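Participant:
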Amino acid sequence: MDMLLNLVAGLGRGTLALIRAAGSLALFALEGLSHIVRPPFYGRVFLGAFLETGFFSLPVVALTALFSGGVIALQSYTGFAQYHVQSAIAGIVVLAVTRELGPVLAGLMVAGRVGAAMAAQIGTMRVTDQIDALTTLSTNPMKYLVAPRLLAGLIALPLLVLVADVLGVAGGFTVCVMKLGFSPNAYITSTLNSLKAIDVTVGLVKAALFGFLIALMGCYYGYNSKGGAEGVGSATTAAVVVASILLLAFDYLLTDLFFSQ
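In terms of the numbering used here, the sequence shown is residues 15 to 275.
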């Protein structure tokens with residue numbers, strides 16, 4: 015009986031801790047969003063975060079998308095050749111890249127690269143009392159550190175996903191034409207016929223949400239880190255892990271919302 019009560023008590027404590035964490039995160043996100051639309055706006059901080067999230071993440075996202083498109087084409091050919099429907103490969107590549115792989119892979123790459131950097135930078139400022147120094151200098155830390163990064167993630171990731179979409183389709187085109195012997199004109203025609211505005215639009219909506227979530231997790235865990243260097247390391251790990259999980263969860267929810275019918 016005592017074991018059962020301890021189990022129930024543990025579940026209750028875990029549930030309350032999860033609700034408390036979710037509430038704290040929601041309040042943090044709302045405060046950060048409110049500072050985006052209220053002056054002053056720190057343009058230099060935003061520009062630095064935008065370049066770090068978008069421009070400097072471009073090589074890894076581009077290579078990931080390019081090779082992913084090629085892999086989709088190869089795997090699709092292996093299956094479709096059995097049923098003599100190789101002509102559907104172009105449509106499968108463009109559909110998979112624009113709906114799913116473009117936003118998801120770009121989001122995961124940026125989460126590992128930028129989300130960790132944000133958590134480490136802000137976490138280091140927290141444990142070295144630099145955030146308290148900002149408050150002493152009458153500078154709101156949420157407005158100076160968090161709001162520009164949230165806005166940068168919201169804007170930069172959709173631009174990265176546009177590039178990833180193009181390069182993913184180009185990867186599939188290159189493999190099909192150079193390795194599998196497809197006609198370039200036929201492949202391009204099939205791709206254009208299969209491309210739909212709703213697929214690209216939903217992919218960009220996902221990307222905007224993913225960018226916001228990545229920046230939010232990096233800022234939240236960095237801002238609330240404690241315990242010196244070990245605490246900063248734990249905050250960095252938590253930011254990447256939680257951002258990746260939320261990214262995949264919201265990917266499913268948005269896909270179910272837009273494409274379930």
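All C-beta atoms in this analysis are idealised placements derived from N, C-alpha and C, irrespective of residue type, glycine included.
Just so you know, these numbers come straight off a predicted model, no measurement behind them.
Quick check on the DSSP output: the alpha helix (DSSP H) that includes Lys-220 runs from which residue to which?
Facilitator: Element bounds for Lys-220: 211-237.
Participant: Do the region 88-99 and the region 47-63 meet, that is, are 3 or more Cβ pairs less than 8 Å apart?
Facilitator: As far as the Cβ criterion goes, the region 88-99 does not touch the region 47-63, which means the pair count is below three.
Participant: Could you give the first and the last residue of the continuous alpha helix (DSSP H) run that contains Pro-53?
Facilitator: First-last for Pro-53: undefined, no H or E at that position.
Participant: Considering only their Cβ atoms, is the gap separating Ala-222 from Leu-171 smaller than 8 Å?
Facilitator: The answer is yes: Cβ separation under 8 Å.
Participant: Looking only at C-alpha atoms, which of Leu-173, Thr-251, Tyr-201 sits nearest to Gly-116?
Facilitator: Of the listed residues, the one whose Cα sits closest to Gly-116 is Leu-173.
Participant: Do Ala-263 and Leu-181 have their C-beta atoms within less than 8 Å of each other?
Facilitator: No, the pair does not count as a contact, with Cβ atoms beyond the cut-off.
Participant: Which parts of the region 141-177 are runs of the alpha helix (DSSP H), unbroken and 4 residues or longer, counting only runs that do not cross its ends?
Facilitator: Runs found: 144-150.
Participant: Closer than 8 Å is the cut-off here; do at least three beta carbon pairs connect the region 138-148 with the region 57-73?
Facilitator: Verdict: no, contact absent.
Participant: Please confirm whether Gly-37 and Gln-135 have their CB atoms less than 8 Å apart.
Facilitator: No.
Participant: Would you give the residue range spanned by the alpha helix (DSSP H) that Phe-264 belongs to?
Facilitator: Counting along the chain, the alpha helix (DSSP H) containing Phe-264 begins and ends at 242-273.
Participant: Does the distance from the C-beta atom of Ala-125 to that of Ala-249 stay below 8 Å?
Facilitator: Against a cut-off of 8 Å, the Cβ pair of Ala-249 and Ala-125 comes out as no contact.
Participant: Helix, strand or coil: how does DSSP classify Ser-101 here?
Facilitator: In the structure shown, Ser-101 sits in a helix (DSSP, three-state: H, G or I).
Participant: With a cut-off of 8 Å on the beta carbons, I'd call Leu-197 and Val-108 a contact; round off their distance for me.
Facilitator: Residue identity check: residue 197 is Ser in the sequence provided, not Leu. Going by Cβ atoms, the distance from Ser-197 to Val-108 rounds to 17 Å, so no, they are not a contact pair.
Participant: Would a C-beta distance cut-off of 8 Å place Arg-71 and Leu-119 closer than the cut-off?
Facilitator: Here residue 71 turns out to be Ser, not Arg, going by the sequence shown. The answer is no: Cβ separation not under 8 Å.
Participant: Which word fits Lys-157, buried or exposed, when buried means at least 16 other C-beta atoms lie within 10 angstroms of its C-beta?
Facilitator: Lys-157 comes out buried.
Participant: Whose CA, out of Gly-105, Gly-232, Leu-227, Thr-112, lies closest to the CA of Gly-169?
Facilitator: The sequence given here places Ile at residue 169; Gly does not occur at that position. Of the listed residues, the one whose Cα sits closest to Ile-169 is Leu-227.
Participant: If I measure Cβ to Cβ from Ser-239 and keep anything under 7 Å in the same chain, skipping five residues before and after, which residues do I get?
Facilitator: Gly-137, Arg-140, Val-141, Gly-245, Val-246, Ala-249, listed in sequence order.
Participant: Starting from the C-beta of Lys-193, find all residues in its chain whose C-beta is less than 6 Å away, skip the five residues before and the five after it, and write them out in chain order.
Facilitator: If we look at Lys-193 and ignore the five residues flanking it on each side, it has no Cβ neighbours.
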